[in-house]
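Chains as they are written, first to last, in our numbering: chain A, 17 to 130; chain B, 1031 to 1142.
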């Protein structure tokens, strides 16, 4: 049971570098989301998708891009990394229908921007 | 603005010592309140969803309850393996189903 898989687990970037955080799920879930988790703050929604080809902004979208070309994959792109983007990033997926509100999380990517 | 406040921030219990965690919320019409467990270095793991005041859900030593202003997570006779951070989140009725507002969590440590 793979569930939601995030890669890499750890990453260090220099200010201004770009990178893509990968997220894949094998549960055929329609909905996928990206969150960031910072000390003293709750998880905050960055972007989400309700299906292939459909994405929307969450609470803190600035500096991040997403796309959803397949049901399985939902990559998060940092265009020009800044120290303020140092955080732990979680990808989540949820099924449609009555269970759509239950989100299943990956193990996270720990990102440091120097 | 929808808000979630969890208390206490941290709680230390002896094995077998029952207690409760609190989640106070303000939301413009509640669609659902969620409890998650998060172990160090891992992603949150779903525990319960509560939809209306008076509702209760149980799972092993955990029981979640809901009123119009707060939710409690009761832990009965906890064991060391219950040590984790417990997160509460709400979803408002007038927002998309994806938009959860999370609290900052309660870190629970259960000592043998």
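For glycine and all other residues, C-beta sits at the position ideal for the given N, C-alpha and C.
### Query
Does the separation of the CB atoms of residue 1141 (chain B) and residue 1044 (chain B) fall below 7 Å?
yes
### Message
Measuring CB atoms only, is the region 26-43 of chain A touching the region 97-107 of chain A, in the sense that at least three cross pairs come out at less than 8 Å?
### Response
yes
### Query
Alpha carbon to alpha carbon, what distance is there between residue 63 (chain A) and residue 1081 (chain B)?
25 Å
#### Entry: Residues of its chain near residue 25 (chain A), where Cβ-Cβ distance is below 8 Å and the 5 sequence neighbours each way are ignored
123, 124, 125 and 126
### Query
Could you check where the beta strand (DSSP E) with residue 1100 (chain B) kicks off and where it finishes?
1100-1105
### Query
Taking 7 Å as the CB-CB limit, is residue 19 (chain A) close to chain B?
no
### Query
Which residues, in chain order, does the region 1108-1140 of chain B contribute to contact with chain A at a C-beta distance below 8 Å?
1117, 1119, 1121, 1126, 1127, 1128, 1129, 1130, 1131, 1132, 1133, 1134 and 1135
### Task
Identify, in the order they occur along the chain, each residue of the same chain with its Cβ nearer than 6 Å to the Cβ of residue 1037 (chain B), setting aside the five sequence neighbours on each side.
1052
### Query
Which residues, in order along the region 45-57 of chain A, keep a beta-carbon less than 7 Å from a beta-carbon of chain B?
47, 49, 56 and 57
### Task
Look at the alpha carbon of residue 1116 (chain B) and the alpha carbon of residue 1102 (chain B), and state the distance between them as a whole number of angstroms.
11 Å
### Task
May I have the straight-line CA-CA distance separating residue 1096 (chain B) from residue 1065 (chain B), to the nearest angstrom?
11 Å
### Query
Identify the residues that DSSP records as bridge partners of residue 48 (chain A): which are they?
A:65 and A:109
### C-beta neighbour in chain E for residue 1142 (chain B), strict 7 Å
The chain inventory of the structure shown lacks chain E, comprising the protein chains A and B.
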